[in-house]
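Novice: Once you've had a glance at the structure underneath, I'll fire off some questions.
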DNA sequence: CAGTATCCTTGTTGATACTG
DNA sequence: CAGTATCAACAAGGATACTG
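Protein chains in written order, with the working numbering: chain H, 1 to 106; chain A, 107 to 212.
Have a look at this one:
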């Protein structure tokens with residue numbers, strides 16, 4: 001039984017830098033279901049305000065967790081979708097969900 | 107392929123309520139290696155200050171993630187160790203570490 | 001629609017000194 | 001040793017109104 005959790009120091013911190021912010025887990029969960037536009041996220045991530053949503057999307061894009069794609073060439077509307085790096089966060093969220101489900105039956 | 111991540115809403119948030127605070131992941135990682143006393147945690151979780159460590163330990167104890175056990179009956183020194191609920195957080199940390207390791211080779 | 005700009009409130013953490 | 005007390009600093013998030 002190997003008790004080493006981090007193969008090297010700071011790996012957990014890297015993930016927490018992304019997931020530790022409010023709303024981020026919900027944004028990723030929702031984008032995993034399908035790519036979404038700004039206003040769709042505003043609706044699916046209830047209660048988030050546009051300033052915060054913008055900040056999250058910018059950070060996630062900088063970190064290459066999501067990418068912003070133009071819906072069609074003659075439009076200025078964009079759509080956000082998970083990258084591979086982003087969808088690789090899902091196992092973490094799944095483990096969180098498992099834990100929450102196990103210990104909070106209410 | 108099932109796209110549902112949370113079996114019910116709020117499960118991820120429950121885990122994030124615990125792990126989302128600074129230092130918490132490190133405390134859990136260190137207590138997993140072995141139970142520790144306050145001053146040992148102060149040393150192993152470098153840079154944490156006693157006020158914050160106290161707050162973390164109290165929260166984790168309230169949430170039944172750790173328990174405080176008296177080292178011997180005639181002493182006032184205590185030791186903190188993970189409960190089952192606490193060690194069940196480790197798979198989350200492990201997934202975080204895997205992700206960080208995969209995407210931050212530096 | 002897709003954000004940006006301002007301002008404000010609150011929560012979180014740190015520094016430091018102190019106590020039983 | 002195992003914390004507690006006090007104060008300061010800062011970051012994060014919310015409310016709201018506005019723009020191209």
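Beta carbons are placed, not taken as given, at the ideal position from N, Cα and C, and that holds for glycine.
#1: Span of the alpha helix (DSSP H) holding residue 70 (chain H)?
#2: Under 8 Å Cβ-Cβ, which residues of chain H neighbour residue 135 (chain A)?
#3: What residue from H:90, H:24, H:45, H:77 has the CA that sits closest to residue 58 (chain H)'s CA?
#4: I need the DSSP call for residue 94 (chain H), collapsed to helix, strand or coil.
#5: Using the beta-carbon of each residue, which ones in chain A are nearer than 8 Å to residue 117 (chain H)?
#6: Could you name the residues of chain H that residue 138 (chain A) contacts, counting a contact when the two beta carbons are closer than 9 Å?
#7: On the DSSP letters alone, give me the boundaries of the beta strand (DSSP E) that residue 82 (chain H) sits inside.
#8: So if I threshold CB-CB distances at 7 Å, which residues from the stretch 153-185 of chain A count as touching chain H?
#9: Out of A:204, A:203, A:194, A:206, which one is the CA nearest neighbour of residue 124 (chain A)?
#10: Consult DSSP for residue 102 (chain H) and reduce its assignment to one of helix, strand or coil.
#11: Quick one: which unbroken alpha helix (DSSP H) runs of 4-plus residues sit fully inside the stretch 111-169 of chain A? Chain order, please.
#12: Would you call the CB atoms of residue 168 (chain A) and residue 174 (chain A) closer than 8 Å?
Specialist: Reading it off the structure:
#1: First-last for residue 70 (chain H): 66-70, but that is the beta strand (DSSP E), not the alpha helix (DSSP H).
#2: 5, 6, 12
#3: H:24
#4: helix
#5: Lying before the first or after the last residue shown, residue 117 (chain H) is absent from chain H, which here runs from 1 to 106.
#6: 3, 5
#7: 78-82
#8: none
#9: A:194
#10: helix
#11: 117-125, 130-139, 144-150, 156-168
#12: no
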